[in-house]
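Notes for the one structure printed next.
Numbering (the working numbering), first residue to last: 1 to 123.
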């Protein structure tokens with residue numbers, strides 16, 4: 001059986017972080033997230049996006065394969081100034097990957113736990 005596919009949208013390292021968060025710790029946590037997802041039973045790819053990028057690249061990535069799960073990271077969801085980007089991503093997923101389940105982490109380091117919550121796998 002092939003592993004479930006997951007596409008994670010998040011802010012790239014060096015982007016503004018929500019109040020109270022240390023940018024250096026967030027960058028380290030993003031590296032840990034990529035590593036832990038790569039070692040997991042899920043087929044996870046990440047797409048780093050900023051509001052200035054627009055949604056064309058995200059839409060192309062959504063169309064690139066049939067995604068089982070779409071993760072939208074807290075950096076995208078947690079900053080008020082990113083609300084238009086968050087809304088745009090949600091609507092793009094509904095249009096281009098309507099079969100995908102949404103997955104929301106609260107920190108980069110609990111992304112695999114979030115995946116397991118929406119698509120449990122026997123390990």
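We put the CB at the ideal spot given by N, CA and C, even for glycine.
query: By a C-beta neighbour count over all protein chains shown, 10 Å radius and 16 as the cutoff for buried, is residue 57 buried or exposed?
result: Here residue 57 refers to the residue found at position 57 when the chain shown is read from its first residue. Answer is exposed; the Cβ neighbour count stays below 16.
message: If contact is defined by three or more beta carbon pairs under 8 Å, each pair taking one atom from either stretch, is the stretch 63 to 72 in contact with the stretch 101 to 109?
response: yes
- prompt: With a cut-off of 8 Å, do at least 3 Cβ pairs link the stretch 78 to 86 to the stretch 107 to 117?
  reply: no
- prompt: Which of the three DSSP states, helix, strand or coil, is assigned to residue 104?
  reply: Residue mapping note: residue 104 aligns to position 104 of the chain shown, counting from 1. It is coil, neither helix nor strand.
CA nearest to the CA of residue 6, picked from 91, 65 and 31: As a working mapping, residue 6 is identified with position 6 in the chain shown. Ranking 91, 65 and 31 by Cα distance to residue 6 puts 65 first.
message: Shorter than 7 Å, the distance from the beta carbon of residue 9 to the closest heavy atom of the ligand ATP, or not?
response: No copy of the ligand ATP appears in this structure; indeed no ligand is present at all.
query: Which one or two residues does DSSP pair with residue 125 in a beta bridge?
result: It is not possible to answer for residue 125, since the shown part of the chain is limited to 1 through 123.
message: By alpha-carbon positions, which one of 28, 9 and 2 ends up nearest to residue 109?
response: As a position in the chain shown, residue 109 is number 109, starting the count at 1. The residue with the shortest Cα to Cα distance from residue 109 is 28.
query: Under the three-state reduction of DSSP, which class applies to residue 93: helix, strand or coil?
result: Here residue 93 refers to the residue found at position 93 of the chain shown. Three-state result, residue 93: helix.
query: So, are the CB atoms of residue 21 and residue 111 less than 8 Å apart?
result: Translated into positions along the chain shown, residue 21 becomes position 21. Translated into positions along the chain shown, residue 111 becomes position 111. It is not a contact, given that the beta carbons lie outside the stated cut-off.
query: Straight-line CA distance for residue 79 to residue 50?
result: Position 79 of the chain shown, counted from the start, is the residue given in the question as residue 79. Position 50 of the chain shown, counted from the start, is the residue given in the question as residue 50. Cα to Cα, the separation comes out at about 12 Å.
- prompt: Hey, residue 93 and residue 62 are a contact pair by Cβ (cut 8 Å); roughly how many whole angstroms apart?
  reply: What you label residue 93 is simply residue 93 of the chain shown in a count that begins at 1. What you label residue 62 is simply residue 62 of the chain shown in a count that begins at 1. With a Cβ gap of about 6 Å, residue 93 and residue 62 count as contacting.
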